[in-house]
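Okay, so here's the structure we're looking at.
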Amino acid sequence: MSDNPTSRKPGKVELSFLMGWHGLLSGAFLIAYVTGEASYAMHVFSGVMVLLALGIRLLVGLGAPKGSPLGFPTLSLPPAGQGVLGIRAVQRLINNWMAAALLVMISLAALSGWLAHDIGMEGGLHEALAQATPALIFAHIALAVAFHALKARPSGTATRFFGSPVLSQRTRNKYSEK
Amino acid sequence: MITRTVLMTLVFAVVIGCGAAAFALMNGGSSSISYASSFSRDGGGEGHDDHDD
Chain A
257 MSDNPTSRKP GKVELSFLMG WHGLLSGAFL IAYVTGEASY AMHVFSGVMV
307 LLALGIRLLV GLGAPKGSPL GFPTLSLPPA GQGVLGIRAV QRLINNWMAA
357 ALLVMISLAA LSGWLAHDIG MEGGLHEALA QATPALIFAH IALAVAFHAL
407 KARPSGTATR FFGSPVLSQR TRNKYSEK
Chain B
103 MITRTVLMTL VFAVVIGCGA AAFALMNGGS SSISYASSFS RDGGGEGHDD
153 HDD
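Quick note, the sequences are listed as chains A and B, same order.
Offset between the first sequence (1-based) and the working numbering: plus 256.
Offset between the second sequence (1-based) and the working numbering: plus 102.
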């Protein structure tokens with residue numbers, strides 16, 4: 257196993273902040289999505305809340321010290337010399353990429369909505385981005401549930417499913433023989 | 103962890119929903135609440151009968 261050596265588990269306050277922030281973002285997005293067709297004022301209010309949540313996360317991420325769980329997570333594999341990649345590290349990397357894709361999509365949807373509201377930009381882009389976002393959200397939920405279920409199983413289950421260590425020389429040899 | 107995350111989402115959704123509804127009412131914008139009341143005021147829904155027997 258070679259998880260990112262700079263990352264550590266979040267403390268109680270950090271975890272509360274992350275959960276509260278996730279609640280603010282997802283709750284605001286949910287209301288913005290539901291009120292898209294029903295009430296323009298409610299849609300604008302919840303859209304502003306989405307932008308606020310994104311702004312808060314950006315500021316906290318930029319201000320967090322190196323190695324803090326509040327900093328921006330890594331999207332790259334560890335250097336080649338650090339040995340094989342553990343199953344947890346692979347899961348974390350997939351989660352990080354999923355979260356990054358989701359945040360970019362939500363940011364673009366919220367910003368395009370703001371531009372459409374303030375400078376009267378064409379609303380087609382905003383609508384297209386907003387319609388595509390739920391697919392990513394469901395993928396994010398599915399991954400979170402799947403990884404949680406694997407974590408809850410007895411140790412070694414994930415190993416039996418995926419082989420361990422992932423991307424090991426033995427695994428690569430096994431498949432290259434076929 | 104997942105249960106707590108879902109709960110947080112729902113709690114924030116309710117709070118933001120209430121805030122958004124208050125904002126909509128204060129601004130006189132159309133809201134689902136005003137739409138529902140105007141729908142019932144205009145005689146929408148079941149049980150409406152124009153005939154005097």
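Using N, Cα and C, we set each Cβ at its ideal position, and we do this for glycine too.
So the alpha helix (DSSP H) residue i belongs to, where does it begin and stop?
i: Glu-438 of chain A; result: Outside the shown range of chain A (257 to 434) lies residue 438 of chain A, about which nothing can therefore be said.
i: Glu-378 of chain A; result: Note, Glu-378 of chain A: premise wrong, no alpha helix (DSSP H); not H, not E.
i: Gly-121 of chain B; result: 104–128
Is residue i helix, strand or coil when you go by DSSP?
i: Leu-310 of chain A; result: helix
i: Gly-319 of chain A; result: helix
i: Thr-330 of chain A; result: coil
i: Arg-348 of chain A; result: helix
i: Gly-342 of chain A; result: coil
i: Pro-325 of chain A; result: coil
i: Lys-407 of chain A; result: helix
i: Ser-363 of chain A; result: helix
i: Ala-391 of chain A; result: helix
i: Ala-356 of chain A; result: helix
i: Ala-398 of chain A; result: helix
i: Ser-302 of chain A; result: helix
What whole-angstrom Cβ distance do residue i and residue j have, given they're in contact under 8 angstroms?
i: Ala-297 of chain A; j: Phe-125 of chain B; result: 6 angstroms
i: Arg-264 of chain A; j: Pro-321 of chain A; result: Not confirmed; about 11 angstroms, so no contact.
i: Val-304 of chain A; j: Phe-285 of chain A; result: Wrong, their Cβ atoms sit about 12 angstroms apart, outside the cutoff.
i: Gly-106 of chain B; j: Met-275 of chain A; result: For the record, residue 106 of chain B in the displayed sequence is Arg; it is not Gly. The Cβ separation is near 6 angstroms, so the contact holds.
i: Asn-223 of chain A; j: Thr-330 of chain A; result: Because chain A in this structure spans residues 257 to 434, residue 223 of chain A falls outside the shown range and cannot be described.
Tell whether a beta-carbon distance below 7 angstroms holds between residue i and residue j.
i: Met-110 of chain B; j: Gly-279 of chain A; result: yes
i: Met-361 of chain A; j: Leu-399 of chain A; result: no
i: Ile-104 of chain B; j: His-404 of chain A; result: yes
i: Ala-309 of chain A; j: His-299 of chain A; result: no
i: Gly-327 of chain A; j: Gly-317 of chain A; result: yes
Report yes if the C-beta of residue i is less than 6 angstroms from at least one heavy atom of the ligand SAM; otherwise report no.
i: Thr-105 of chain B; result: In the structure shown, the ligand SAM is absent, as is every other ligand, since no ligand is present at all.
Q.
If contact is defined by three or more beta carbon pairs under 8 angstroms, each pair taking one atom from either stretch, is the stretch 355–370 of chain A in contact with the stretch 383–396 of chain A?
A. yes
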